[in-house]
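Residue numbers (our numbering), protein chains in the order written: chain A, 164 to 481; chain B, 164 to 481; chain C, 164 to 481; chain D, 164 to 481.
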């Protein structure tokens, strides 16, 4: 497959120290671990990379550190997530200056609009910054589903390089894959799911952007390799193991959304010794007590070896 | 696989005459065609079987005809779709009297409620009617997503026999399949999708309920057989062909929802000579003109042979 | 004001015996009480009249009883709430046969459609049944907001007599009132709210359909009279008192939607001695214990005298 | 009424030059016009002040200009709208440095969370910046409805000074007003509606934040005065006139959301000679042709005198 940005491209989770600073040592450790597992690229400043929680200064700090740590080993895609066009373009210019291989932008959000505004939004970003541009389809956050025919049109016009699909609308994704193939494959189509990557590969996705790869990347790279070799039983077996690990996000109680999802990733990474803390960005609190223990149990039941106890992880954010 | 209601169980589309009567001849023709194609069961009175458009008398007429035409060759599941418990139970008793092998019910709708009411709803239906009971998860129609843990609990308690999942939430479906397997497979899990059945099979679904099988059933039965034999490249190839045919539902313009979706199925079946008309239930109008021609084009581009011209189909509802 | 169906037209709550039969004695008591309070009409088989919970037989029983008890003293509007056109028309014919003064229908629900289907739906109902027809705008139940321009068009064409607005979209309602006035007032516009009736009167509504009038009707009839006399300080004072009573629907905990809302009405009516029980239709459970006590407290703090203790009410459904 | 920030506080629309720079002359003209009309304060950087379209630099430029032009005549509230806590705090510190009298913040958006995160969000903003803090309840933009009991709790704890309610949920607003009165009026409650301000005043609102006041402020200040004097017929008459003018936002066709709403305000202000152009921020296009003419017609039919022709306004953005 000749797709430039294909394969496994994890959205990189950002580690914090107990006092909410960027934890550079943990960040390097995690990035090295994923690259060593054979990922094909890294997507920083995605939704799970706490882009919308970070000030502009913090965003720049994270991008710089990531690009330094990656050191050219894989392409770095940078999320430029903000409400409307001019704010996104500012982030895109920073990303370009710091060495991004590609940028990733959502539909405009907060203000209400229509398809015409979305189209103009992507065209203006492309015009302002020459880098490859991915559309990030994430209606659960921006409350707009990017229409497949618009995405394809922007692909054919050379505005969009690809799509990161986090819509959990597999029917639309399937139709987009088919249309993209018919049109000569102008778009690189990446699924943002963790537990139905096997289905996306069956449909013909060009790769995946699984947050869970921060916790366990080797399963995703093995699954990608098996897909390339049409070894579907291995694809299926790897997906099954990964889906079992993904249950870390469903076991926390008394917390919802980002605090449960990315909170579980960070907690698992702290338990595995990759991150020093499971600290979360304000106003979200780190997972505690029973929730940490439940995540530890999922990990050990999946055969992963913990480097630290739940109590040690809980103490890490104090 | 020992699942009693597994395999391909199409939701049967109901044919109408031009003057809105049940078209028994077309109905028999369609049922025979699907059974001859090797389907494992038939689901009548589903969303695409115009259950909510039909008066109680019409519902009874459709159920009786279907059970007569099927004549015991495959099990007949009957949708008992209505707003709240007592109305559903009335339909269930009719279905039982007429010979249904199983009944299918959604969450309550119209009045607002919570999970406690949904649970009690299914328990009361089960208590009133001894037949196997499927939960129909279709949030786009009833505006409630059935929680996976409730479904599993009702399965373990012997209340539910299975689930027809039309939620287009493949992540939740995947988790449900895994949990169901861990619990000893109390539930038969059927996907209601047409174009991502391959992914559902990878996840471990027990079967599929594809509306498109009314138009072309042999692809689905071949896909099911290939899945049983773990012949994934054939699964994929069949799904690709079926997804191409499914584009009949995306080509109509100026019409949305049921009129476009089931309207396209009926129009395709009329073009293929299975149905005599493409008539729709009030207040929905039959597809016309350019929309019929666009569907005809999809069918022929997929290698299907038309028995009638678009003009003949258009004339059929006059 | 010459509006035929104007003024206070409560949506009548339906009393049940402990074993879920229609409680005719309580029903008569409640209807007499509201008519004696000076209401201008009664709307039976509305959302809070448990229309969607009732079988066809039960619906007919309720309508017959209501029309018998009202005995021509005020017009009786009858809700004909069902999923699609032909089912609604069946209910409408029953209502007509039993003596309804007008019928009330929502947009189609369950199956997806567009504005064209909604328009045809109302036209077909009107064609089938000659009675005055009200559109019931209740997006929280049917998940479609009736567009103001469609309502006005149907009013001008003589299809619709009026609108019961339960959309909680006061901006749209305001615009509809203005447009209706400009067009010569073809529609009778009734607000379905309880606590912002004062604002609806300021906007120029022709009346109100407040569920709370089942609990306390005299406040609403005094407010209507004050509005007719442009005595706005009295309108305001009455609304304030009624809003305080309406807090009965916000105090229940551990229950939501219909069980909390209509459950609170029924519980209040049982505490006040109007209903014999606070029984709810399946699958909803009657309010109990602390929730009954909280409602009793709201009522007494508003100066209402209880006829029964919370314990007596709780015992009523056993 | 002793409420510090009560009365009419328009959300100030931001004028742009044809080439998307801040149009300082138009901005001064508009601010002077509203202050001369007797408004009680100004809210800059609200949703209609294009806060989410503006880069940080542009935001600072707008705030500085507004505070310079207002010159202490009325208090200036500054919207600090951004996705999550730390980004909002940065904006709040800028607003404080530039002389804001109060700041206005929404619930966090984009990332998913719960009530605990919303509460912590407002507490952290209050801790970081000593200024009076208003919660901005605008679910149509942030997709979270601020719960009334949380708002009241934060009011009683001295975290929130008030609420700008743009939820179009008048029932909840009514209950909040009542609860706030019972609690000793810790919160200043402002309605963000244009056409149901009369109802909000009846309910007991402390003031209004009507975008339409940018077009016509004197009606709103007269309505406020009449409300203070309990002259409800004048309140009603003024509201009727203003609602008629507000139809400028419903006449544009082929455009939706911000482009229609704020687009209509800017176009009306350009027609009235207050703004030099009707330019919109990227990616939104200025209204053109027929849409400008339709707005002009609404204005003249309401008795307003145009300073420029539709053609002149259309030429202004070229």
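All residues carry an ideal CB built from backbone N, CA and C; glycine is no exception.
* Near residue 363/A, which residues of its chain fall below 6 Å by C-beta distance, leaving aside the five closest residues on each side in sequence? -> Position 200 of the first chain, counted from the first residue, corresponds to residue 363/A. Excluding sequence neighbours, residue 363/A sits near 354.
* Locate the alpha helix (DSSP H) running through residue 150/A, then write down its first and last residues. => Since the first residue shown for chain A is 164 and the last is 481, residue 150/A is missing from the structure and cannot be characterised.
* Bridge-paired residues (DSSP) for residue 327/D -> Here residue 327/D refers to the residue found at position 164 of the fourth chain. 299/D and 353/D.
* Where does residue 165/B fall in DSSP's three states? -> The residue you call residue 165/B lines up with position 2 of the second chain. The predicted position of residue 165/B is uncertain, since its pLDDT is 41 and thus under 50; a value taken from the coordinates is nonetheless stated next. Here residue 165/B sits in coil by DSSP.
* To do: Can you grab the Cα-Cα spacing for the pair residue 376/C / residue 194/C, in whole Å?
  => Position 213 of the third chain holds residue 376/C. Position 31 of the third chain holds residue 194/C. Cα to Cα, the separation comes out at about 11 Å.
* Report all residues from its chain with a CB closer than 6 Å to the CB of residue 397/C; omit the five preceding and five following residues, and keep chain order. => By 1-based counting over the third chain, the position of residue 397/C is 234. Correct list, in chain order: 389.
* Leaving out five residues before and five after residue 406/D in sequence, what residues of the same chain have Cβ atoms less than 8 Å from its Cβ? -> In the fourth chain, the residue the question calls residue 406/D occupies position 243. Same-chain partners within the cutoff: 357 and 358.
* Asked: Got a sec: is the Cβ-Cβ distance from residue 370/D to anything in chain C below 9 Å?
  -> The sequence position of residue 370/D within the fourth chain is 207, counting from 1. It does not: the Cβ of residue 370/D has no partner Cβ on chain C nearer than 9 Å.
* Asked: Looking at chain C, which residues of the segment 362 to 386 of chain B have a Cβ within less than 9 Å of any of its Cβ atoms?
  -> none
* Counting contacts by CB-CB distance shorter than 9 Å, is residue 422/D in contact with chain A? -> The sequence position of residue 422/D within the fourth chain is 259, counting from 1. It does: the Cβ of residue 422/D has a partner Cβ on chain A nearer than 9 Å.
* To do: For residue 164/D, decide whether its Cβ has a neighbour in chain C, counting only Cβ atoms nearer than 9 Å.
  => Working through the fourth chain from its first residue, we reach residue 164/D at position 1. Unreliable positioning characterises residue 164/D in this predicted model, as indicated by a pLDDT of 39, which lies under 50. A coordinate reading is not provided.
* **Nearest candidate by alpha-carbon position, reference residue 291/B, set 305/B, 330/B and 250/B** => Here residue 291/B is taken as the residue at index 128 of the second chain, counted from 1. It is 250/B.
* Asked: residue 471/D touches chain A at which residues, Cβ-Cβ below 8 Å?
  -> Working through the fourth chain from its first residue, we reach residue 471/D at position 308. Within 8 Å Cβ-Cβ: nothing; residue 471/D doesn't reach chain A, min ~26 Å.
* Asked: If you draw a straight line from the C-alpha of residue 371/C to the C-alpha of residue 307/A, how long is it?
  -> Working through the third chain from its first residue, we reach residue 371/C at position 208. Working through the first chain from its first residue, we reach residue 307/A at position 144. The alpha-carbon atoms of residue 371/C and residue 307/A are separated by roughly 36 Å.
* Asked: Quick one: what's got a C-beta closer than 7 Å to residue 172/B's C-beta in the same chain, skipping five residues either side?
  -> To locate residue 172/B, count along the second chain from 1; it is residue 9. These residues qualify, in order along the chain: 202, 203, 204, 205, 206, 240, 353, 370 and 372.
* Could you give the residue range of the beta strand (DSSP E) that holds residue 241/D? -> Here residue 241/D is taken as the residue at index 78 of the fourth chain, counted from 1. Taken as a continuous stretch (DSSP letters only), the beta strand (DSSP E) holding residue 241/D covers 239 to 242.
* Asked: Could you give the C-beta distance for residue 304/C and residue 210/C, rounded to a whole number, given that I count them as a contact under 8 Å?
  -> Residue mapping note: residue 304/C aligns to position 141 of the third chain, counting from 1. Residue mapping note: residue 210/C aligns to position 47 of the third chain, counting from 1. That pair is a contact at about 6 Å.
* To do: Could you have a look at residue 408/C and say whether DSSP puts it in helix, strand or coil?
  => If you number the third chain from 1, residue 408/C lands on position 245. Three-state DSSP puts residue 408/C in a helix.
* Distance between residue 463/D and residue 472/D (C-alpha atoms, nearest Å) -> Your numbering for residue 472/D matches position 309 in the fourth chain. Your numbering for residue 463/D matches position 300 in the fourth chain. Cα to Cα, the separation comes out at about 11 Å.
* residue 255/B and residue 243/B closer than 9 Å at C-beta -> Taking the first residue of the second chain as 1, we reach residue 255/B at position 92. Taking the first residue of the second chain as 1, we reach residue 243/B at position 80. Contact flag set, yes.
* With 16 as the cutoff for other CB atoms within 10 Å, does residue 344/D come out buried or exposed? -> Your numbering for residue 344/D matches position 181 in the fourth chain. Residue 344/D is exposed by the Cβ-count criterion.
* Three or more C-beta pairs below 8 Å linking the segment 271 to 287 of chain C and the segment 443 to 451 of chain B -> yes
* Asked: In whole angstroms, what separates the C-alpha of residue 323/C from that of residue 394/B?
  -> Residue numbering aside, residue 323/C sits at position 160 when the third chain is read from its first letter. Residue numbering aside, residue 394/B sits at position 231 when the second chain is read from its first letter. In a straight line, the C-alpha of residue 323/C is about 59 Å away from that of residue 394/B.
* Span separating the alpha-carbon of residue 367/C from that of residue 409/D -> Residue numbering aside, residue 367/C sits at position 204 when the third chain is read from its first letter. Residue numbering aside, residue 409/D sits at position 246 when the fourth chain is read from its first letter. One C-alpha to the other measures close to 17 Å.
* **Inter-residue CB distance, residue 428/A and residue 461/A (contact presumed, cutoff 8 Å)** => For this step, residue 428/A is matched to residue 265 along the first chain. For this step, residue 461/A is matched to residue 298 along the first chain. Residue 428/A to residue 461/A, Cβ: 12 Å. No contact.
* If the cut is a Cβ gap below 8 Å, which residues of chain D does residue 277/A touch? -> In the first chain, the residue the question calls residue 277/A occupies position 114. Per Cβ cutoff of 8 Å: 418, 419, 420 and 422.
* To do: Return helix, strand or coil for residue 428/B, following the three-state DSSP convention.
  => Working through the second chain from its first residue, we reach residue 428/B at position 265. Note: residue 428/B maps to helix in three-state DSSP.
* If we ignore side chains and look at the alpha-carbon of each, how far apart do residue 267/B and residue 294/B end up? -> Within the second chain, the letter at position 104 stands for residue 267/B. Within the second chain, the letter at position 131 stands for residue 294/B. The alpha-carbon atoms of residue 267/B and residue 294/B are separated by roughly 10 Å.
* To do: Could you say which of 238/A, 270/A, 221/A and 236/A lies nearest to residue 257/A if we only look at CA atoms?
  => Mapped onto the first chain, residue 257/A falls at position 94. Nearest C-alpha to residue 257/A: 221/A.
* Between the Cα of residue 301/D and those of 313/D, 340/D, 270/D and 314/D, spot the shortest distance and give me the residue it belongs to. => Here residue 301/D refers to the residue found at position 138 of the fourth chain. Of 313/D, 340/D, 270/D and 314/D, the residue nearest in Cα terms is 270/D.
* For residue 413/C, which residues in chain D fall below 8 Å Cβ to Cβ? -> To locate residue 413/C, count along the third chain from 1; it is residue 250. Simply 338.
* Under the three-state reduction of DSSP, which class applies to residue 275/B: helix, strand or coil? -> To locate residue 275/B, count along the second chain from 1; it is residue 112. Three-state DSSP puts residue 275/B in coil, outside helix and strand.
* Asked: Alpha carbon to alpha carbon, how far is residue 196/C from residue 183/C?
  -> What you label residue 196/C is simply residue 33 of the third chain in a count that begins at 1. What you label residue 183/C is simply residue 20 of the third chain in a count that begins at 1. For residue 196/C and residue 183/C, the distance between alpha carbons rounds to 23 Å.
* To do: Quick one: list the residues of chain C neighbouring residue 396/D, beta-carbon separation under 8 Å, in chain order.
  => Here the question's residue 396/D lines up with position 233 in the fourth chain. Simply 393 and 395.
* Asked: residue 236/C versus chain D: which residues are under 8 Å apart at the beta carbon?
  -> As a working mapping, residue 236/C is identified with position 73 in the third chain. Per Cβ cutoff of 8 Å: no residues; residue 236/C is ~31 Å from chain D at best.
* With 9 Å as the C-beta to C-beta threshold (strictly closer), list the residues of the segment 247 to 258 of chain A near chain D in chain order. => 247, 248, 249, 250, 252 and 253
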